[in-house]
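Residue numbering for the sequence shown follows the numbering used here, beginning at 24 and increasing consecutively. Where is the CB? At the ideal position from N, CA and C, for every residue including glycine.
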Amino acid sequence: MHLPVLPGTLDPVGGERPTVFADRIGRAYSIATSAAHKKCFGQYLTPVPVADFMASLLDCDRDEIRILDPGAGSGVLACAAAEAIARRDRPPRRVLIDAYESDRELLPVLDRSLRYLRARLRRFDIALKYRTIGEDFVLEHAAELRRSESLYRNGSGHAEYDVVIGNPPYFKLPKSDPRARAADDVVHGQPNIYALFMAISAALVAPGGEMVFITPRSFTSGPYFRRFRERFFTRVQPEALHVFDSRRDAFSRDGVLQENMILKGRVREHRAKLDPDSPVRISVSRGSGDIDGNGVRILPLSALLDMQSKEKMLRIPSSGDDEGIISRIDSWTGSLSAYGMQISTGPVVPFRAVDLLTMKGDIAEGRAPLLWLQNVHAMRVEWPTSARRKPQYISTNSRESLPLLVRDRNYVLLRRFSAKEERRRLTAAPLLEGELGSEWIGIENHLNYIHRPGGSLTKEEAIGLAIIYNSEFMDSYFRILNGSTQVSATEIRKIPLPPHELIVNIGRRAKLGRMDPSAIEDLARLALSDEANSRGRAVTHA
């Protein structure tokens, strides 16, 4: 196995820690590798402070410890785990490491890191045996997913490891990919490969063993990961969660924009049920630089995960304020369906309706406004817009176009996606009847819209709902639930709403126009105050 030609030295410097050495030669490899190559393998190497923090969460106490790193890269995480274990008052006599890395050009770098780790562990009288495995981890263990019922329900997995520590690759798999087909029982649609790494790893850990992963937050909610959450948490008891507030800082060296988190869990004994009263350690940092500098909060698992619910979302309140927001909104008993409303996704899919769309047009001559994500801003719809390559009109003169249009009524429009760098996740605007001067409206597929089937929202309902969805407290609630930039209709549909009369009162008080954020917050706070006072009067009266 020959090391590739890389910039800088590939020998340890002085008493360099194995974790630091693995990071340094991993960075040298990354610098010498094309962006396309790294993207192909979903390669984002773990910074040393993050690796050390993840390793610090492990507490495995055995004479022989079997470690799996399913996406090892240059070996930073495997080295960090072994070093943390070696520093204990009662270290193990033997450590076994299986390190998978599908980028075979990186295998010599990984081998060099682990050879140095082995030499360093000898000083602690710890014997290290390791394997570097240049195979696709998911395909190598696809049978573990295909036998998911027995693995997760009956505990019949191979149980090869005591510890899994991982930073798996992040990329979506097409449905035709053999790894995606192997994951049918675990994920839905186009799965992100990192969830497959987590699911398989859970099946390979012995009862009582530990798992620590750094991944995107997207698995914590949403319909695509619902089956994964059900299977994963059937086997794994969460013990610690760490959230990165910044989308940039955790993997800033690689220029990654991603909401990341660390999950530490323990594989339960066969047939043991999830313990809702077990404590979960929650911590928050901006990025890797301040990962050890913030306080820790302890919450019962029941405050974060309800396995009796249909969606089984993992909610992560990152502060006491977040806990208050959850408590308040969870106490609401209203919902869109309770108020006779529905949320739907815009029916216009542009590439399927190319012949119906035009950049310019005349509403009086067989054209209707076409609204895109770019037309919708907080509390206002701007149409037409000069957004590039976004036709602003759709034909009303063909049988093909009419099923794609909605009648001119009162709606609430919500963006289905937020830009990764945007602070706010929810952006909503009321669209009021007559506002665009057309009998029909086209709504593009990147927008959701709230409507009343067989009727129309009132003006006050549309304005009041839009203010609530644009408010900071609702945005915070949604961010606690949702770890991706997507705003699905399913998630909005399930969010509780305040009493109907309160929504209407907000709509009556609002003065439309260009409502600035402070005006939105003032009305939202007033609504919460009204609701709290109403509850207080009800309690006093009782």
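Using the beta-carbon count (16 or more within 10 Å), is residue i buried or exposed?
{"i": "Asn398", "result": "buried"}
{"i": "Gly98", "result": "buried"}
{"i": "Phe374", "result": "exposed"}
{"i": "Ile473", "result": "buried"}
{"i": "Ser350", "result": "exposed"}
{"i": "Met382", "result": "exposed"}
{"i": "Leu425", "result": "exposed"}
{"i": "Ser308", "result": "buried"}
{"i": "Asn471", "result": "buried"}
{"i": "Ala58", "result": "exposed"}
{"i": "Ile54", "result": "exposed"}
{"i": "Lys296", "result": "exposed"}
{"i": "Glu172", "result": "Per-residue confidence for Glu172 stands at a pLDDT of 47, beneath the threshold of 50, marking its modelled position as unreliable; the derived number appears in the next sentence. With fewer than 16 other Cβ atoms within 10 Å, it is exposed."}
{"i": "Arg548", "result": "exposed"}
{"i": "Asn433", "result": "buried"}
{"i": "Gly94", "result": "buried"}
{"i": "Ala273", "result": "Legend: pLDDT at Ala273 = 48, less than 50; position of this residue unreliable, value from coordinates given subsequently. With 16 or more other Cβ atoms within 10 Å, it is buried."}
{"i": "Glu467", "result": "buried"}
{"i": "Ser341", "result": "buried"}
{"i": "Ile490", "result": "buried"}
{"i": "Lys287", "result": "buried"}
In terms of residue numbering, what span does the beta strand (DSSP E) encompassing residue i cover?
{"i": "Asp185", "result": "Tyr184 to Gly189"}
{"i": "Phe267", "result": "Val259 to Phe267"}
{"i": "Tyr434", "result": "Tyr434 to Arg438"}
{"i": "Thr513", "result": "Careful: Thr513 lies outside any beta strand (DSSP E), inside the alpha helix (DSSP H) at Ala512 to Lys517."}
{"i": "Gly465", "result": "Trp463 to Ile466"}
{"i": "Tyr472", "result": "Leu470 to His474"}
{"i": "Val36", "result": "Premise fails: Val36 is in no beta strand (DSSP E) and is neither H nor E."}
{"i": "Met364", "result": "Premise fails: Met364 is in no beta strand (DSSP E) and is neither H nor E."}
{"i": "Gly288", "result": "Asn283 to Val290"}
{"i": "Arg430", "result": "Leu428 to Arg430"}
Reducing DSSP to helix, strand and coil, say where residue i ends up.
{"i": "Ile216", "result": "helix"}
{"i": "Leu81", "result": "coil"}
{"i": "Glu87", "result": "strand"}
{"i": "Thr243", "result": "helix"}
{"i": "Met497", "result": "helix"}
{"i": "Val43", "result": "helix"}
{"i": "Ala107", "result": "helix"}
{"i": "Lys482", "result": "helix"}
{"i": "His60", "result": "helix"}
{"i": "Met234", "result": "strand"}
{"i": "Asp545", "result": "helix"}
{"i": "Asp75", "result": "helix"}
{"i": "Ser418", "result": "strand"}
{"i": "Val399", "result": "strand"}
{"i": "Val371", "result": "strand"}
{"i": "Met221", "result": "helix"}
{"i": "Leu394", "result": "strand"}
{"i": "Val377", "result": "helix"}
{"i": "Leu454", "result": "strand"}
{"i": "Val209", "result": "coil"}
{"i": "Arg446", "result": "coil"}
{"i": "Arg116", "result": "coil"}
{"i": "Leu174", "result": "Residue placement at Leu174 is flagged as unreliable, the pLDDT there being 44, under the threshold of 50; the coordinate-derived value follows with that caveat. Reduced to three states, the DSSP call for Leu174 is helix."}
Which two residues bound the contiguous alpha helix (DSSP H) that contains residue i?
{"i": "His523", "result": "His523 to Arg532"}
{"i": "Pro201", "result": "Pro201 to Ala205"}
Beta carbon of residue i: closer than 7 Å to some heavy atom of the ligand ZN?
{"i": "Phe147", "result": "This structure lacks the ligand ZN, and indeed carries no ligand of any kind."}
Self-check item: Ordered list of alpha helix (DSSP H) runs contained in the segment 118–164, each at least 4 residues
Solution: Listed in chain order, the complete alpha helix (DSSP H) runs (minimum 4 residues) inside the segment 118–164 are 130–145 and 160–163.
Quiz item: Where are the beta strand (DSSP E) runs, 3 residues long or more, that stay fully inside the segment 301–342, in chain order?
Solution: Listed in chain order, they are 302–308 and 319–323.
Quiz item: Can at least three beta-carbon pairs, one atom from the segment 520–532 and one from the segment 352–359, be found at a separation below 8 Å?
Solution: Yes, the segment 520–532 is in contact with the segment 352–359.
Practice problem: Decide yes or no for the touch test of the segment 120–135 against the segment 148–164: beta carbon pairs closer than 8 Å, at least 3 of them. | Solution: Flag = yes, the segment 120–135 and the segment 148–164 touch.
Quiz item: Taking one C-beta from the segment 237–246 and one from the segment 333–344 each time, how about it: are there three or more such pairs within less than 8 Å?
Solution: With the cut-off at 8 Å, the segment 237–246 and the segment 333–344 touch.
Practice problem: Would you check if the segment 207–220 and the segment 185–192 touch, i.e. whether three or more CB-CB distances between them fall below 8 Å? | Solution: Contact between the segment 185–192 and the segment 207–220 is present, because at least three Cβ pairs lie under 8 Å.
Quiz item: Any chance the segment 226–237 sits against the segment 280–295, with 3 or more Cβ pairs inside 8 Å?
Solution: The segment 226–237 and the segment 280–295 touch, with no fewer than 3 CB-CB distances between them shorter than 8 Å.
Quiz item: Can we say the segment 495–509 touches the segment 430–444, given the rule of at least three CB pairs closer than 8 Å?
Solution: Enough Cβ pairs lie closer than 8 Å, so yes.
Self-check item: Three or more C-beta pairs below 8 Å linking the segment 252–264 and the segment 478–486
Solution: In short, these stretches do not touch, since the Cβ pair count stays below three.
Exercise. Would you check if the segment 408–422 and the segment 382–397 touch, i.e. whether three or more CB-CB distances between them fall below 8 Å?
Key: Because the criterion of three Cβ pairs below 8 Å is met, the segment 382–397 and the segment 408–422 touch.
Quiz item: Touching or not, the segment 317–331 and the segment 362–370, by the rule of three or more beta carbon pairs under 8 Å?
Solution: The segment 317–331 and the segment 362–370 do not touch, with fewer than 3 CB-CB distances between them shorter than 8 Å.
Practice problem: Determine contact between the segment 37–56 and the segment 96–112, defined as no fewer than three beta-carbon pairs at a distance below 8 Å. | Solution: The segment 37–56, when compared against the segment 96–112, does touch it at the 8 Å Cβ threshold.
Practice problem: Take every Cβ of the segment 65–80, pair it with every Cβ of the segment 109–119, and state whether three or more of those distances are shorter than 8 Å. | Solution: In short, these stretches do not touch, since the Cβ pair count stays below three.
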